[in-house]
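Report on the following structure.
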Amino acid sequence: MTSSSKGPVALITGAGSGIGLACARRFAAAGYRLALLDIDPKAVEAACAALRDSGTEALPFVGSVADETAVESAVDAAEQDLGPIELLINSAGVASNKPTFELSLADWERVVSINLTGTFLVSRIVGAKMAARSRGVILNLGSMFGTVAAPRRAGYCGTKAGVDMLGRVLAIEWAEHGIRVNTIAPGYVRTPFVDDLIAEGRMDEPALLGRTPLKRMAAPEEIADLAIFLASDAAAFITGQTIGIDGGWTAYGYV
Ligand SMILES: NC(=O)c1ccc[n+]([C@@H]2O[C@H](COP(=O)([O-])OP(=O)(O)OC[C@H]3O[C@@H](n4cnc5c(N)ncnc54)[C@H](O)[C@@H]3O)[C@@H](O)[C@H]2O)c1
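Residue numbers (the numbering used here): 159 to 413.
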């Protein structure tokens, strides 16, 4: 992606923690100016304060990706203050890990609204602005669990499969508007998202490391490095793809 004299603008959702935060730091180092949207005010304000301390223009926006009015006003304010958004990273997401017989309608609707509807809403609102300028890149955070199934994760797997297909549809529909859309599908990444599941006893860390051919989790910075490549002109012919980064998990089919 080429930059304006002041550096291109990226909007990153879920940037108060984990992969979104690692992307914010990585894109700041690459000269981007940042609008960070998160539902957690303390986390997003702390992220922006730290980025500003290291010389990056970074503005915090507080709201849910599933709230159309909040997203519209954050996007309008970000463009007003920073300029045209050239890159969107949809990283906001939540886990859902319960036996399906115990998954209430409210549980289901929560994970669908944040992981799938949120990705759709922010993409549509930012995508329309990118289309008007015939330029933009959108990166979604899917998961290897959008492709392979895991028990007790009907909502999570269902939404991540939806994010995959949403990304492909937007890619082919918006190619004529100069917008590329790709989905990053990580395996296990060491973030608070995973730490919380381990702490709650809902994830067996030794078992999952044993099941991973590379025998470790990814660092969030490794996901940010893939995002940097996919956002760059080196990836100018890549669109409509779901790119795995899972230490070999989905390739593994033996005992
Ligand atoms: N960590 C992993 O192992 C892993 C693996 C595959 C995919 N992912 C995906 O990557 C993305 C980021 O995960 P992470 O590990 O960084 O999680 P995380 O919990 O560390 O960070 C998620 C951030 O999203 C924010 N958020 C939650 N709901 C929101 C909402 N409604 N609106 C705006 N912000 C909201 C949280 O406040 C938090 O700051 C998620 O979509 C997740 O599904 C994570």
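Ideal placement from N, C-alpha and C gives every residue a C-beta, glycine not left out. Quick caveat, the model's predicted, so the values are computed rather than measured.
_For Ala376, tell me which candidate among Val347, Gly398, Gln399 has the shortest Cα-Cα distance._
For the purposes of this step, residue 376 is taken as residue 218 along the sequence shown, with counting starting at 1. Out of Val347, Gly398, Gln399, Val347 has the C-alpha closest to the C-alpha of Ala376.
*Provide the residue span of the beta strand (DSSP E) that contains Ile243, from first to last.*
Locating residue 243 in the sequence shown gives position 85, where the first residue counts as 1. Note, Ile243: beta strand (DSSP E), 243 to 248.
*asked:* Taking the beta carbon of Ala201 as the centre, do at least 16 other beta carbons fall within 10 Å, making it buried, or is it exposed?
replied: Taking the sequence shown and counting its residues from 1, one reaches residue 201 at position 43. Buried, because 16 or more other Cβ atoms sit within 10 Å of the Cβ of Ala201.
*Going by DSSP, which residues form a beta bridge with Asn340?*
Residue numbering aside, residue 340 sits at position 182 when the sequence shown is read from its first letter. Bridge partners of Asn340: Leu297.
_I'd like to know whether the C-beta atoms of Ala216 and Ala180 end up nearer to each other than 9 angstroms._
The sequence position of residue 216 within the sequence shown is 58, counting from 1. The sequence position of residue 180 within the sequence shown is 22, counting from 1. Not in contact: Ala216 and Ala180 (Cβ atoms no closer than 9 angstroms).
*Between the Cα of Gly411 and the Cα atoms of Met323, Glu380, Thr370, which residue gives the shortest distance?*
The residue labelled residue 411 in the question sits at position 253 within the sequence shown. Checking every option, the nearest Cα to that of Gly411 belongs to Thr370.
*Assuming Ile396 contacts Arg338 (C-beta within less than 8 angstroms), just tell me the rounded distance between them.*
Counting from one through the sequence shown, the residue named residue 396 turns up at place 238. Counting from one through the sequence shown, the residue named residue 338 turns up at place 180. About 7 angstroms separates the two Cβ atoms, so the contact holds.
*Can you list, in chain order, the residues of its chain whose CB lies under 6 angstroms from that of Leu195, leaving out five sequence neighbours each side?*
The residue you call residue 195 lines up with position 37 of the sequence shown. Taken in chain order, the residues that qualify are Thr171, Phe219, Ala232.
*CB Pro309 to CB Pro350, shorter than 9 angstroms?*
By 1-based counting over the sequence shown, the position of residue 309 is 151. By 1-based counting over the sequence shown, the position of residue 350 is 192. Against a cut-off of 9 angstroms, the Cβ pair of Pro350 and Pro309 comes out as no contact.
_Measuring alpha carbon to alpha carbon, tell me which residue in Ser292, Leu245, Leu274 is nearest Ala253._
Numbered from its first residue, the sequence shown carries residue 253 at position 95. If we check each option's Cα against that of Ala253, Leu274 comes out closest.
*Taking the DSSP output, what are the residues bridged to Val233?*
Numbered from its first residue, the sequence shown carries residue 233 at position 75. According to DSSP, which records beta bridges pairwise, Val233 is partnered with nothing at all.
*Which residues in the same chain have their Cβ closer than 6 angstroms to the Cβ of Thr160, if we skip the five residues on either side of it in sequence?*
Walking along the sequence shown from the start, residue 160 turns up at place 2. The pLDDT assigned to Thr160 is 43, lower than 50, so where the model puts this residue is not dependable; a value taken from the coordinates is nonetheless given after this. Within the same chain, Thr160 has no close Cβ partners at all.
*When we look at the beta-carbon of Val413 and count the other beta-carbons within 10 Å, is it buried (16 or more) or exposed?*
By one-based count along the sequence shown, residue 413 stands at place 255. Looking at its Cβ environment, which holds fewer than 16 other Cβ atoms inside 10 Å, Val413 is exposed.
_Sequence-distant residues of its chain with Cβ nearer than 7 angstroms to Gly405 (five each side left out)_ = Taking the first residue of the sequence shown as 1, we reach residue 405 at position 247. Same-chain partners within the cutoff: Gly345, Thr370, Pro371, Leu372, Arg374, Ala376.
*What are the start and end residues of the beta strand (DSSP E) that includes Ile170?*
By one-based count along the sequence shown, residue 170 stands at place 12. Where Ile170 is concerned, the enclosing beta strand (DSSP E) stretches over 167 to 171.
*Would you grab the beta carbon distance between Ile342 and Ile381 for me? Rounded to a whole angstrom, and I think it's under 8 angstroms.*
Here residue 342 is taken as the residue at index 184 of the sequence shown, counted from 1. Here residue 381 is taken as the residue at index 223 of the sequence shown, counted from 1. Rounded, the Cβ-Cβ distance is 6 angstroms, consistent with contact.
*asked:* With distance defined between alpha-carbon atoms, name the residue in Leu297, Gly316, Phe259, Glu260 nearest to Val306.
replied: Position 148 of the sequence shown, counted from the start, is the residue given in the question as residue 306. Answer by Cα proximity: Gly316.
*Does the distance from the CB of Gly174 to the CB of Tyr190 come in under 9 angstroms?*
Reading the sequence shown from its first residue, position 16 is the one you call residue 174. Reading the sequence shown from its first residue, position 32 is the one you call residue 190. Going by C-beta atoms, Gly174 is not nearer than 9 angstroms to Tyr190.
_Nearest-angstrom Cβ-Cβ length linking Thr400 and Asp322, presumed shorter than 8 angstroms_ = Here residue 400 is taken as the residue at index 242 of the sequence shown, counted from 1. Here residue 322 is taken as the residue at index 164 of the sequence shown, counted from 1. With a Cβ gap of about 5 angstroms, Thr400 and Asp322 count as contacting.
*Using 10 angstroms around the beta-carbon of Ser162, count the other beta-carbons present and answer buried if the total reaches 16, otherwise exposed.*
Counting from 1 along the sequence shown, the entry for residue 162 is found at position 4. Low confidence applies here, because Ser162 scores a pLDDT of 45, under 50, leaving its location unreliable; read the following figure in that light. Answer is exposed; the Cβ neighbour count stays below 16.
*If you check the beta carbons only, do Gly336 and Ile296 fall under 9 angstroms apart?*
In the sequence shown, the residue the question calls residue 336 occupies position 178. In the sequence shown, the residue the question calls residue 296 occupies position 138. No, they are not a contact pair.
*How big is the Cα-Cα spacing for Ser249 and Ile177?*
Taking the sequence shown and counting its residues from 1, the one referred to as residue 249 is at position 91. Taking the sequence shown and counting its residues from 1, the one referred to as residue 177 is at position 19. Rounded to the nearest angstrom, the two C-alpha atoms are 7 angstroms apart.
_Checking the sheet assignment: what are the DSSP bridge partners for Ala376?_
Here the question's residue 376 lines up with position 218 in the sequence shown. In DSSP, Ala376 forms a bridge with Val347.
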